[in-house]
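All residue numbers for the sequence shown refer to our numbering, where the first residue is 126 and numbers rise by one.
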Amino acid sequence: MQARNREAIFSALDVNGDGVITESDVKALLDGFLRSLGVPAGSPGARALHDSGQRIWDELCRQHSAGAARYDLVRQFFVRINIALFDTIDANGDGRIDEEEFVFALCRVGLAAEDVRESFGQISAGADGGITRQAWIRALREMVPGPDPDRNTS
Ligand SMILES: [Ca+2]
Ligand SMILES: [Ca+2]
């Protein structure tokens, strides 16, 4: 992976730009995403996402204390947070992200519609009904190559 991408991922996760990723960046990141998608704060979906964020954060803190490499932690954070977002993006909760849900979510967070549609085609690979959780996880891991962060995440 290119150093430039690493930096881009790090700055995206360091929401307040102070050069370190902390628990408040996690909350701000998730709040920003929920706001973009119009998910009301305090709704069950918003609470579930924050609970996942908290679990991911606690786990990464444990690994950090155990001396895990910084890049590996940032990578894991990126992948796992995005896995947690699957349920938020899957607005109708049918277990698949269809093109409409995908384009809606990613355009709302500021990506160009053309790029988003292209990514949808690549990730769903023509599968009926859209992106499954497995395809989503695979795509995220390919985006930031490295050791498998968590084989049990589903
Ligand atoms: Ca920060
Ligand atoms: Ca769906």
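By construction, the Cβ of each residue, glycine as well, lies at the ideal position given by its N, Cα and C atoms.
For THR213, three-class secondary structure by DSSP: helix
Buried or exposed (CB count within 10 angstroms, at least 16 for buried), ASP143: exposed
Straight-line Cα distance separating VAL269 from ALA166: 30 Å
Minimum C-alpha distance to ASP240 - residue among GLY220, LEU185 and VAL228: VAL228
Helix, strand or coil at ILE222 according to DSSP, with G and I counted as helix: strand
For LEU185, the nearest candidate out of HIS175, ALA171, ASP197 and GLY255 (CA to CA): ASP197
Run of the alpha helix (DSSP H) containing LEU265, from where it starts to where it stops: 258-268
Spatial neighbours of TRP261 in its chain, beta-carbon cut-off 6 Å, leaving aside the 5 residues before and after: PHE211
Spatially closest choice to ASP215 from GLY251, ALA230 and LEU154, by CA coordinates: ALA230
Beta carbon shell of ligand 2 at less than 6 Å from a heavy atom: ASP215, ASN217, ASP219, ARG221, ILE222, ASP223 and GLU226
Rounded straight-line distance, which links the Cα of ARG205 to that of ARG258: 12 Å
Residue range of the alpha helix (DSSP H) that includes VAL241: 238-249
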